[in-house]
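Student: Please see the structure below; I have some questions.
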């Protein structure tokens, strides 16, 4: 039987590990091509979209928020001040460590737990299951995919296997 813990923790850890891998390939590419890292870190697909750095911040915020809300613990607060690949890797590592620190017992009953988030000054209420399936996972995948696409668009040799690596 698939539990909320199983449906939350493993997919988020896997996706963030894959994002870490994608960023490493981006950094390696920039170094090989002698491109300033800030060029890729501030790249965006379109003028009204967030840059690469913000895509990573949002993916990690969504992930740590989900683990915390569903486990009934406080959400870690981050500064959102990363400006280097190394700082983004640190953010990913501490997010993964936090996500892996929650236990299955903390998730007991989380599928029915009420979760309220504020989106553009409006409170939105979910059951835990709907929050995970209809809000968190789609948002995390969107922002990780967008990070992938920003780097791919800028010439980084990425393929589907980089996005779906399977390392947890």
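Numbering (the numbering used here), first residue to last: 158 to 325.
Glycine included, each C-beta is placed from N, C-alpha and C at the ideal position.
(1) If you draw a straight line from the C-alpha of residue 210 to the C-alpha of residue 313, how long is it?
(2) If residue 256 sits next to residue 221, beta carbons under 8 Å apart, how far is it from one beta carbon to the other, in whole angstroms?
(3) Alpha carbon to alpha carbon, how far is residue 250 from residue 244?
(4) Counting C-beta neighbours from all protein chains within 10 Å, is the total for residue 266 16 or more, i.e. buried, or is it exposed?
(5) Alpha carbon to alpha carbon, how far is residue 254 from residue 276? Give it in angstroms, no decimals.
(6) Kindly indicate which three-state DSSP category residue 213 falls into: helix, strand or coil?
(7) Give me the residue from 315, 316, 311, 273 with the minimum Cα distance to residue 200.
(8) What residue range is occupied by the uninterrupted alpha helix (DSSP H) comprising residue 255?
(9) Look at the alpha carbon of residue 215 and the alpha carbon of residue 190, and state the distance between them as a whole number of angstroms.
(10) Three-state secondary structure (DSSP) at residue 282?
(11) Here's a check: name, in chain order, each residue in its chain whose Cβ is nearer than 6 Å to the Cβ of residue 183, leaving out the five neighbours to either side.
Tutor: Taking the structure as given:
(1) Taking the chain shown and counting its residues from 1, the one referred to as residue 210 is at position 53. Taking the chain shown and counting its residues from 1, the one referred to as residue 313 is at position 156. Residue 210 and residue 313: Cα-Cα distance of roughly 16 Å.
(2) Counted from its first residue, the chain shown places residue 256 at position 99. Counted from its first residue, the chain shown places residue 221 at position 64. Between residue 256 and residue 221 the beta-carbon gap is near 7 Å, inside 8 Å, which marks them as a contact.
(3) Position 93 of the chain shown, counted from the start, is the residue given in the question as residue 250. Position 87 of the chain shown, counted from the start, is the residue given in the question as residue 244. Rounded to the nearest angstrom, the two C-alpha atoms are 10 Å apart.
(4) Residue mapping note: residue 266 aligns to position 109 of the chain shown, counting from 1. Exposed: under 16 other Cβ atoms inside 10 Å.
(5) By one-based count along the chain shown, residue 276 stands at place 119. By one-based count along the chain shown, residue 254 stands at place 97. In this structure, the CA atom of residue 276 is about 26 Å from the CA atom of residue 254.
(6) The sequence position of residue 213 within the chain shown is 56, counting from 1. Judged by DSSP in its simplified three-state form, residue 213 adopts helix.
(7) In the chain shown, residue 200 corresponds to position 43, counting from 1. When only C-alpha atoms are compared, the closest one is 311.
(8) If you number the chain shown from 1, residue 255 lands on position 98. Counting along the chain, the alpha helix (DSSP H) containing residue 255 begins and ends at 242 to 258.
(9) By 1-based counting over the chain shown, the position of residue 215 is 58. By 1-based counting over the chain shown, the position of residue 190 is 33. Note on geometry: alpha-carbon atoms of residue 215 and residue 190 lie some 28 Å from one another.
(10) Position 125 of the chain shown holds residue 282. The answer is strand: DSSP assigns residue 282 an E or B state.
(11) What you label residue 183 is simply residue 26 of the chain shown in a count that begins at 1. If you ignore the 5 residues before and after residue 183, its C-beta comes within less than 6 Å of the C-beta of 197, 308, 313, all in its own chain and listed in chain order.
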